[in-house]
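What follows is a set of notes on a single structure, which appears directly below.
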Amino acid sequence: MSLTVAIVGRPNVGKSTLFNRLVGKRLALVDDRPGVTRDRREGDAQLGHLQFSIIDTAGLEEAKADSLEARMRAQTEAAIADADVLLFMVDARSGLTPTDRVFADLVRRAGKHTILVANKSEGRQGEAGFMEAFGLGLGEPVPISAEHGEGMADLFRALREVF
Ligand code: GDP
Ligand code: MG
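Numbering (the numbering used here), first residue to last: 360 to 522.
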């Protein structure tokens, strides 16, 4: 039985970039059911020898402005409910925003095994955001660069503990 991992976080932190990296060409399914899960993408991911299902929460561009927050929340809650493990992603370069804290509360309330990921940590430019992320109370952040493929061994180690 394969575990399901959901990548959760506010828009623009790099969720889809990580999803694409982990799934590569193994995209299993683009979910186009109507409603809150319409834009959700699922795939078969591989990191080292670990294989798992992965959910990306995405596609908020199409939402009407007044429904954006409600829809974002509903989609994220659905993904959280379906997942065994959560990758909660923040942007280490921009630092934390109020929206990050809204998502962090959702994640915390879910009570699922959560790995805090500080993305955009290539070079040393994410150090301030990395340290700020400790304050979320979601454990030690794992610094990665989804775009440049850095930190994947650390992400592997964090996931391996759960599997
Ligand atoms: P999402 O909205 O959370 O799915 O974020 P995306 O994956 O669409 O990425 C948002 C933006 O951040 C894009 O311009 C990406 O190229 C950029 N991005 C993603 N990962 C990284 C990273 O590791 N480093 C940097 N500098 N930019 C990144
Ligand atoms: Mg996305």
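By construction, the Cβ of each residue, glycine as well, lies at the ideal position given by its N, Cα and C atoms.
Restricting to Cα atoms, I'd like to know which of the options is closest to residue i.
i	options	result
Glu486	Ala404, Val449, Arg400	Val449
Val382	Glu401, Val372, Gly373	Glu401
Gly368	Gln410, Glu436, Leu409, Ser412	Glu436
Gly498	Pro457, Leu409, Ala477	Ala477
Phe411	Ala463, Glu428, Ala442	Ala442
Leu475	Leu406, Ile503, Gly407	Ile503
Ala365	Thr376, Asn379, Ile413, Gln405	Ile413
Ile439	Ala429, Leu455, Gly454, Thr416	Thr416
Leu455	Gln434, Met490, Leu518	Met490
Arg430	Pro370, Asp403, Arg380, Thr376	Pro370
Thr376	Ala404, Pro457, Glu520, Ser361	Ala404
Quickly, what does DSSP pair residue i with across the bridge? List them, please.
i	result
Phe447	Val367, Leu475
Ile504	Reading off the sequence shown, one finds Ser at residue 504, where the question assumed Ile. Answer by DSSP bridge pairing, in chain order: Glu509.
Gln410	Gln405
Since residue i and residue j should fall inside the 8 Å C-beta cutoff, what is the C-beta to C-beta distance between them, to a whole number of angstroms?
i	j	result
Leu406	Leu514	7 Å
Leu409	Leu518	6 Å
Phe447	Val461	Rounded, the Cβ-Cβ distance is 12 Å, inconsistent with contact.
Ser453	Gly482	Not really, about 15 Å apart at Cβ, beyond 8 Å.
Ala512	Ser480	About 13 Å; that fails the 8 Å criterion.
Is the number of C-beta pairs between the region 463-472 and the region 501-509 that are closer than 8 Å three or more?
-> no
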